[in-house]
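Participant: Next up is a structure, given as structure tokens.
There are 2 protein chains.
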Amino acid sequence: MYYSRYFLPTLKETPSEAEINSHRLMLRAGMIRKLTAGIYSYLPFGLTALRKVENIVREEMNRAGAQEVLLPTVQPAELWQASGRWERYGKELLRFKDRHERFYCMGPTHEEVITDLVRKEVRSYRDLPLNLYQIQTKFRDEIRPRFGLMRSREFIMKDGYSFDIDDRNAEKTYWQMYDVYKNIFTRCDLDFKVVEAETGTIGGSFSHEFMVLAEVGEDTIVFCQNCDYAANIEKAEVVTPAISPSERPKSRKEIHTPNKHTVEEITEFLNVSPQKIVKTIIYLADEKPVAVLVRGDHDINEIKLQRLLDCKTLIMAPPGIVKNLTKAEVGFAGPIGLNIPIIADNSLKNMVNFVTGANKTDYHFINVNLDDFKISQFADVRFITSEDRCPRCRGELEFKKGIEVGHIFKLGTKYSEALKATYLDAQGKEQFIIMGCYGIGIGRTLAAIIEQHHDENGIIFPLSIAPFQIYLLAIDTKNQKVLETAEKLYGQLSSHWQVFYDNRDERPGIKFKDADLIGIPLRITLGRDLKKEKVEVKIRKTGETLLIPITELKLNIEKIMQTL
Amino acid sequence: MYYSRYFLPTLKETPSEAEINSHRLMLRAGMIRKLTAGIYSYLPFGLTALRKVENIVREEMNRAGAQEVLLPTVQPAELWQASGRWERYGKELLRFKDRHERFYCMGPTHEEVITDLVRKEVRSYRDLPLNLYQIQTKFRDEIRPRFGLMRSREFIMKDGYSFDIDDRNAEKTYWQMYDVYKNIFTRCDLDFKVVEAETGTIGGSFSHEFMVLAEVGEDTIVFCQNCDYAANIEKAEVVTPAISPSERPKSRKEIHTPNKHTVEEITEFLNVSPQKIVKTIIYLADEKPVAVLVRGDHDINEIKLQRLLDCKTLIMAPPGIVKNLTKAEVGFAGPIGLNIPIIADNSLKNMVNFVTGANKTDYHFINVNLDDFKISQFADVRFITSEDRCPRCRGELEFKKGIEVGHIFKLGTKYSEALKATYLDAQGKEQFIIMGCYGIGIGRTLAAIIEQHHDENGIIFPLSIAPFQIYLLAIDTKNQKVLETAEKLYGQLSSHWQVFYDNRDERPGIKFKDADLIGIPLRITLGRDLKKEKVEVKIRKTGETLLIPITELKLNIEKIMQTL
């Protein structure tokens, strides 16, 4: 490809809209352009890179026996009503009416549609297993789209769905997909972790996320330094071992704490550590109040809490209700005398002589102990912290930021029951199909690759993703001999590799800068040494440069490519 | 691919929803399934065929120097308001609001989005020409979607847009795309005609449609049997040569014609031919009334009329207005005494002693002549008929039905002016970019291929589109030797061709029927003659069968493929 004929509008300046490196570089390297909030166009260079990711995904999925389909973007409301997600999905589901006033949505995911397709075609156990996937444009009306392709509203996703006759086979498929995903992200040259994950609105019984490690990641992942336990912090279990009390219970005292509402204020005022404080937070679970107790330095994990309470809605109680229940201003709630169910985090089991609110404005209790009130249930309802230990092996934990590029779910019968997707087993008995689903954000994966592969000068594409493998560049474009050699080399190299030939009549500095910016793995420069029939080969990744005789060029490139 | 592992739900019965062959066969051959009105899922077999069409399009576009991009599906209203199409596009444009109550639409076409992209990147004449295309899912909320992929609401389209510095270059690009399109449809093995076409809501200065000839086509095309003139009937010009009058003008008479409103009724009642009658139709052009006169056997072409009147809206006047203007019931309007502008079709120039309404309920005039009233303008405002002659060479005309698979437009500056897409010319002067646009319905092309390539037993895929080239089939699947040979052949043939291996434990009849139905070009059957180391090769297209020694199979297949 000749640069002069290629639509590659590179930018010298960093666009103000971009906050993270991948976004910045994808704009600067002419890969994408914003149409409107969270909606991007792919330019030729960006689309070619995107297709490289897609093809890796396609190859690995096909190799595992999955089959590609293409499902519609526009989906009828009826299917979503049948699964119950029409109401539950929230505002990310873009709903609209057609000209006949019938309701539809733009597909944010395709469990309903694929289950509808499969239930109509599958009759018997002989028609199973099926593993179908698509690579397709989806829409989620994110409230705050940001970071370019990392969190956009319109995005390209590979979503796959498996259909098995029983749990054993479904799990086999699940773990096969787990391996396929590892292969895909390895081929994308990503440094990633597979972590246990929450199932969210998709639902199902268990799930893993594939997390690319990066400072800008929006997810926090926790992993053990000793064993291979790793989880999304939303999911990570906390195991609280019993420890023998360090002090004897003292007798409770009410203390005047005027205007001290927060843990910080109480800590300072009473001169105690946050570990000595118990926070009392009142929630409405399906509109019924419940109090949750956690230590002052811990945070409640509402996903765990909602799962524990098995409720449809969970919100913090508004101030009016808190005041009504505690007979005090907000900030002074405590378990003593509180007449609603009380859930205590497991860590409370080890606490003695702690501080709580007194259910009386401007008063707290000190030296509270577990005998002083009634706990309905102890449970793990908080986020894990660096002071906790690995729930598997008690090893030390590490925390990192991650970008979720893949997510796999064992769905079980959630959708097959809702939409009545059944088959007849060998005994002629009707059974629900067991499902799994498997997603990869294609655009986000591309962004994550750039997030992990760049330097201050630009992108450093892994060979597997690079839109071109070679950037060919002549310095003295006024010299006829140089141009002829460049053309000849371009022709020769193009029969083996995808070559990008910078034939522009521009200053060398501009060409070198663009070459670094767009990050093609090898740069071949026709410069001074052309007289000696030599060209310069620069490896973008290492910065290494080599002077190589033209006659030996092909062989040398092959060798270098093997090291990339 | 093994049939047993492939999601190919073929149907024995003809689905009731399908009215035309391609739709019927795509359903029966497990290529597509309907999700809801005008919205389809592509199953693996259908998707593979679709991708073959896409790749032909991509190869030919790339070869011509066009570059692939991918634009968003969801488009902000602002751009459509700027082009004026937000109001004008009608109900086919699916409009909706996002969570922040901002208006968007699902892109039915991308002139606005691409012009917005290009105007932001192009500064100078050195940045042009650009020829960008995409293959992407579009949505048009058709009032009556039908015929499967022929007229669906969600569909896949190749849409391309060119940007040139002046008319000469823009036309060069236009004719280059014209040739590209001919190559594409030729490679798809389609019998097609290129016809002059109307520009419709896209706008622009001239346009061609690529029409696949088929009885089920929704367009009528007219072409000359003598020269190469061909046009969509909406567009076809009518040239009316002057002929000397066959009779002398007689004097006008008012005739009582009780309850005779229509041409048929008058023809019968007065015992005259429709050629002797002039219909007077009253329209509202931008709400102003105008009468249009055409011969009784002719039909008004409202597209021509609207272009002539240069009006934004054109509707037939409602009965109330007609009564008011003619002082008579509907059905008795005539030009005499009618006090509004009168447009007469050119064919009236040759009429003498004709019949018109009398603007009086239950009365007509006979022996009317052109002197009897005032005509504002003669013009070509009707559809061409088989009695007309070629507007270029006066040759005889032929009419056929066609499926529009491609449409190219010279847009000129319609969108670049509306969206201010300019460049600086060599003299530093700001100029509007000259645009063209080029569409291909990918799914519709696939359907058209099947419409032209099938017989009573099923599809007959052209080699270029067939998802597999060879259908391998063993009859006696209980025989271990047969199975081993089949597996071995499958392996050998798969290294040269895409082979579909029907390894199902089914009766031969079912396998043969499915092979015919899904239309793979060659069927290789391991039958009785396997003992003699021979297999049967059947050519789907001709029905010809050959017994070929296994050792000579590869060579023979290569030869046969060359004839397909």
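Heads up: the protein sequence lines correspond to chains E and G, in order. Read in order, the letters of the first sequence correspond to residues 1 to 564 in our numbering. Read in order, the letters of the second sequence correspond to residues 565 to 1128 in our numbering. Virtual Cβ for every residue (Gly too), placed ideally from N, Cα, C.
1) Under 8 Å, Cβ to Cβ, is there at least one residue of chain E near Ser605/G?
2) Measure the beta-carbon distance from Phe163/E to Val216/E and round it to whole angstroms, keeping in mind my assumption that it falls under 8 Å.
3) How about Ile303/E and Glu234/E: do their beta carbons lie closer than 8 Å?
4) Give me the chain E residues within the contact set of Lys1042/G, using Cβ-Cβ distance strictly less than 7 Å, ordered along the chain.
5) For Thr73/E, which residues in chain G fall below 9 Å Cβ to Cβ?
6) Should Thr445/E go down as buried or exposed, given a rule of 16 or more other Cβ atoms within 10 Å for buried?
7) Considering only their Cβ atoms, is the gap separating Val537/E from Thr545/E smaller than 8 Å?
8) Rounded to a whole number of angstroms, what is the C-alpha to C-alpha distance between Gly436/E and Lys410/E?
9) Is Ile879/G near Tyr927/G, with beta carbons less than 8 Å apart?
10) Please name the residue, chosen from Asn585/G, Glu577/G, Glu581/G and Tyr567/G, that lies closest to Asp1019/G on a Cα-to-Cα basis.
11) Measure the beta-carbon distance from Thr14/E to Ala29/E and round it to whole angstroms, keeping in mind my assumption that it falls under 8 Å.
12) Given Lys984/G, which residues of its chain have a CB within under 7 Å of its CB, disregarding the five upstream and five downstream residues?
13) CA-CA distance, Gln995/G and Ser647/G?
14) Between Val621/G and chain E, is any beta-carbon pair separated by less than 8 Å?
15) Would Phe918/G and Ile841/G be called neighbours here (beta carbons separated by less than 8 Å)?
16) Based on Cα-Cα distance, which residue from Ala291/E, Ile550/E and Leu128/E lies nearest to Lys531/E?
17) For Leu889/G and His825/G, what's the separation of their Cα atoms in angstroms?
18) Report the start-end ranges of each beta strand (DSSP E) in the stretch 1017 to 1065 of chain G that is 3 residues or longer and not cut off at the edges.
19) Within this structure, are the beta carbons of Phe749/G and Gly970/G separated by less than 8 Å?
20) Does Ser771/G come out as helix, strand or coil in the three-state DSSP assignment?
21) What is the DSSP secondary structure of Glu1097/G, reduced to helix, strand or coil?
22) Is His23/E helix, strand or coil by DSSP?
23) So which of Arg569/G, Tyr653/G, Met595/G and Asp723/G has the shortest CA-CA distance to Ala630/G?
24) Our contact map puts Gly458/E next to Leu517/E with C-beta atoms below 8 Å; I'd like the distance itself, whole angstroms only.
25) Enumerate in chain order the residues of its own chain whose CB-to-CB distance from Pro441/E is below 7 Å, with the five nearest sequence positions on each side excluded.
26) Measuring only between beta-carbons, confirm whether Leu681/G sits less than 8 Å from chain E.
27) Counting contacts by CB-CB distance shorter than 8 Å, is Leu526/E in contact with chain G?
28) In chain order, what residues of the same chain lie with their CB nearer than 8 Å to the CB of Leu43/E, ignoring the 5 residues before and after it?
29) For Glu552/E, would you say it is in contact with chain G, using Cβ-to-Cβ distances shorter than 8 Å as the test?
30) Shortest alpha-carbon distance to Thr1130/G belongs to which of Glu1122/G, Gln1062/G, Thr1041/G and Lys1123/G?
31) Just to confirm my understanding: we take Leu79/E, look at its own chain, exclude 5 residues before and 5 after, and list those with CB closer than 6 Å. What are they?
32) Since Ile707/G meets chain E, which of its residues come closer than 7 Å, beta carbon to beta carbon?
33) When you compare the CB positions of Cys788/G and Cys957/G, do they come within less than 8 Å of one another, or not?
34) So, does the CB of Gln67/E fall closer than 8 Å to a CB anywhere in chain G?
35) Consider the Cβ of Glu685/G: report whether some Cβ of chain E lies at a distance smaller than 8 Å.
36) To the nearest whole angstrom, what separates the beta carbons of Lys924/G and Thr784/G, a pair I think is in contact under 8 Å?
Facilitator: Here's the rundown:
1) yes
2) Not a contact, Cβ separation roughly 37 Å.
3) yes
4) Going along chain E, no residue has its Cβ under 7 Å from Lys1042/G, so there is no contact; the nearest lies around 18 Å.
5) Ile603, Thr637, Met670, Thr701, Phe703 and Glu718
6) buried
7) yes
8) 4 Å
9) no
10) Asn585/G
11) Not really, about 12 Å apart at Cβ, beyond 8 Å.
12) Arg683
13) 18 Å
14) no
15) yes
16) Ile550/E
17) 17 Å
18) 1034 to 1038
19) yes
20) strand
21) coil
22) helix
23) Asp723/G
24) 4 Å
25) Note on residue identity: the sequence assigns Gly, not Pro, to residue 441/E. If we look at Gly441/E and ignore the five residues flanking it on each side, its Cβ neighbours are Phe155, Met157 and Val405.
26) yes
27) no
28) Phe7, Leu8, Pro9, Gly30, Met31, Ile32 and Arg33
29) no
30) The requested residue 1130/G does not occur in the structure, where chain G is confined to residues 565 to 1128.
31) Glu112 and Asp116
32) Arg99
33) yes
34) yes
35) yes
36) At roughly 37 Å, the Cβ-Cβ gap does not stay under 8 Å, so Lys924/G and Thr784/G are not in contact.
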